[in-house]
Structure formats: C-alpha cells, structure tokens
Amino acid sequence: MTDFNFISADDVDDVEKLAQEVLEIKKDPFRWKYLGQNKTLVLVFLNSSLRTRLSTQKAALNLGMNAIVLNLGQDSWNMEFADGVIMKGNTAEHIKEGAAVISEYADIIALRSFPSLTDRTKDYQEFILNQFVKYSSVPVVNMESATVHPLQSLTDLATIREFTQKKRPKVVLTWVPHIKPLPQCVSNSFAQWMNRADVEFVIANPEGYNLSKEFTGDAQVFHTQREAFKNADFIYAKNWSSYEDYGKVLKEDFSWLVTPGKMALTNQAKFMHCLPVRRNVVVADEVLDSDSSIVIRQAGNREWAAQAVIRRILEKRV
Ligand code: AN0
Ligand code: CP
53 MTDFNFISAD DVDDVEKLAQ EVLEIKKDPF RWKYLGQNKT LVLVFLNSSL RTRLSTQKAA
113 LNLGMNAIVL NLGQDSWNME FADGVIMKGN TAEHIKEGAA VISEYADIIA LRSFPSLTDR
173 TKDYQEFILN QFVKYSSVPV VNMESATVHP LQSLTDLATI REFTQKKRPK VVLTWVPHIK
233 PLPQCVSNSF AQWMNRADVE FVIANPEGYN LSKEFTGDAQ VFHTQREAFK NADFIYAKNW
293 SSYEDYGKVL KEDFSWLVTP GKMALTNQAK FMHCLPVRRN VVVADEVLDS DSSIVIRQAG
353 NREWAAQAVI RRILEKRV
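In our numbering, the protein residues as written are 53 to 370.
1) Taking 9 Å as the cut-off, decide whether the C-beta atoms of residue 365 and residue 191 are in contact.
2) Alpha carbon to alpha carbon, how far is residue 193 from residue 224? Give it in angstroms, no decimals.
3) Using C-beta distances below 8 Å, list every residue in its chain close to residue 278, excluding the 5 sequence neighbours before and after it, in chain order.
4) How about residue 100: is its Cβ closer than 8 Å to a heavy atom in ligand 2?
5) Could you tell me which of 187, 134, 186, 85 sits nearest to residue 110, measuring between CA atoms?
6) Does the beta-carbon of residue 229, which I'm using as the reference point, lie nearer than 8 Å to any heavy atom of ligand 1?
7) Could you check the C-alpha separation between residue 243 and residue 147 for me, to the nearest Å?
8) Report yes or no: do three or more beta-carbon pairs, one from the stretch 146-160 and one from the stretch 84-101, lie closer than 8 Å?
9) Please classify residue 355: is it buried, with 16 or more other beta-carbons within 10 angstroms of its beta-carbon, or exposed?
10) Among 68, 236, 126, whose alpha-carbon lies nearest the alpha-carbon of residue 100?
11) Straight-line CA distance for residue 361 to residue 235?
12) Please name the residue, chosen from 295, 87, 134, that lies closest to residue 112 on a Cα-to-Cα basis.
Shown next, in the form of structure tokens:
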C-alpha cells in the first residue's frame, strides 16, 4: 500500500485545479513524454470497457510509459479476494499474491471492478478495491470500482469547464431509464465531484432511486425532470439501479427518457453522458445527434483526465 493512490475525490485537494490541469494537458499532450520513461502501468479489468481501457492506455503512452492490459480471470487465474478462506473452489490464486506479483512488474496499477449489486455492505465498503490497495505495493488508480468512477468525474468537470465561461453553471444529474440494473458509481462519483466544484448542482430521479447521502450530500433532489431542468446549463444523464432497494430496477419508467421537449426547458443546456448509451432508451436520437450533445468530446477528454492523474502520481502529487 502506498500514499499515492487515486481512488476518489477524497484523494484530490482541489477538484477545479485538477480539472484545469486536464485542459492544460489537452493543449500540449506530449510535454511530459519523458516523465514516465521506463515505467509501466498495468491495467487490470474485471469488467468490460471501451473508453477507460483505451484512454488510460493512451494517457500512459503519452507520458512515455509502457501499458499492459490484463483481463483478470479471463487471461489469468481466477482471483480469490476474501482473507482466510480454504481455497477449494474455482479461485486458483489469492489477491495477496496476485496484487503483490503485479506490483513486481508495475509502477502503477489501474483497476476496474464493478459492484456485485447484491451485497450493498460489501460493495459500499469497496471490498475488492481495498483488497487490491492493501496487497499492492505500488499506487492504485481506480478505473471504476463498486461505488465511484473518479476518472470519469474528473473528465466531466473538465468538460463542463471547457464548454462554459459561467463561473457557477447549473448542472443537473438526471436518472434515465435502462433495461438492466446498473451500478450507482458514475452518479455517486459525479455527485461527489460536483459538490466540491463551483457549480449549482441538482439531481432528478424517481422515488426509490435516491442515491446514498454519502455522495449526494446536501444536493437538492427533485422527483420530476421538469422542475430540475429549468435554467440548466448541463444535463448529465445516467441510469442507476436502486440504492435503497439495492441493485433493483423498480419499474421500467420510460417517461424519464431525455427528449428534445425536455431539453427545451433548459437554458440551451449541453447534453452529457459517460457512454456507453442505449439510444432511444436513455436519450432520444434527436438529442444525441443534435449540436447540444457533447458526449464525444466528453469521451475524448478521458485521455487528458487519465494523463493528469498519472502525471500527478509520477510526480508524487496525488
Ligand atoms: C457501466 C455503469 O453504469 O457503471 C459503466 C459506465 C461507464 N455501464 C454499463 O454497464 C452499461
Ligand atoms: N465511460 C466509461 O467508463 O466507458 P467504458 O465502460 O467503456 O470504459
């Protein structure tokens, strides 16, 4: 375990300052191309990814690092995370050796490990991520864990700053429909970062979908989109399964789809989504294909956000 992990907003003293570093890097991405020379980032995935996988690898390459991807349990042995078990099941290797061995080859480990969505206590204790941190001897970067997705949220804040000159824009996180139970991570994390940023932040979600107060703090929660969308400068859409009735899809409320009519209630807001997005389930084609959608620029910014974080770790500033 080291002091230079990037696990959540709690590891960042000033989120706005870090977002500015992201935008500075975007202007001159290869300025630090020797900083990571002869260093290696190992990216460990327990779940699927497109953006995180590519942008984080690319960020490491921009800094002159090597990047190795490991799909844990697919390319490697199945890992046991619980301490003190008799390993007679299908796990062949314990995280105690696993994380320690990866640390022998890596200068930084990046990890993606989604929640179970069945055991809230274990998920919200960040059991798997913490076991990795505990048994790793190099810094760990969170590429989406059971409760948060800080590389995404840093990107989101930087993207908001990129698209507005307003000092205190109104930002709305809205729940949207989905066909599967999804983690609360992106939304928890977005709330956590927005609460520390200089923005007016509100949340819209149906009854039964309130997120944990640990992340939403004092943010106002509306149970209709109509009220929340008024005067919004940014609409950030994301589905999540229930936190209260943990991991459940309570009802398929497709009336929460983001449509042009709803966007018309805003102050010509930009539409944001972390992607991947299901068209016409989460958001109507007309919104996603309109000039108000900034989802591709947002995804592009993942590279600079990852680079800002890795740079800080290499400079021992996280
Ligand atoms: C994941 C989630 O909701 O956490 C990853 C988003 C970046 N999304 C899906 O599983 C569709
Ligand atoms: N937004 C995001 O993290 O996308 P991936 O799951 O494709 O990495």
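Each residue gets a CB set at the ideal place from its N, CA and C atoms; glycine is no exception.
Put simply:
1) As a working note, residue 365 is residue 313 in the sequence shown. As a working note, residue 191 is residue 139 in the sequence shown. The answer is yes: Cβ separation under 9 Å.
2) Mapped onto the sequence shown, residue 224 falls at position 172. Mapped onto the sequence shown, residue 193 falls at position 141. Straight-line measurement puts the Cα of residue 193 at about 27 Å from the Cα of residue 224.
3) Against the sequence shown, residue 278 aligns to sequence position 226. The answer, listed in chain order, is 314, 317.
4) Within the sequence shown, residue 100 is the residue found at index 48, counting from 1. Flag set: Cβ of residue 100 near ligand 2.
5) Within the sequence shown, residue 110 is the residue found at index 58, counting from 1. For the residues 187, 134, 186, 85, the minimum Cα distance to residue 110 belongs to 85.
6) The count along the sequence shown starts at 1 and reaches residue 229 at position 177. No, Cβ of residue 229 sits at least 8 Å from all heavy atoms of ligand 1.
7) Translated into positions along the sequence shown, residue 243 becomes position 191. Translated into positions along the sequence shown, residue 147 becomes position 95. One C-alpha to the other measures close to 31 Å.
8) Output reads yes: the stretch 84-101 touches the stretch 146-160.
9) Numbered from 1 along the sequence shown, position 303 holds the residue referred to as residue 355. Label assigned to residue 355: buried.
10) If you number the sequence shown from 1, residue 100 lands on position 48. Nearest neighbour of residue 100 by Cα position, chosen from 68, 236, 126, turns out to be 126.
11) Translated into the one-based positions of the sequence shown, residue 361 becomes position 309. Translated into the one-based positions of the sequence shown, residue 235 becomes position 183. Roughly 23 Å separates the two Cα atoms.
12) Indexing the sequence shown from 1 puts residue 112 at position 60. Relative to residue 112, the option among 295, 87, 134 whose CA is nearest is 87.
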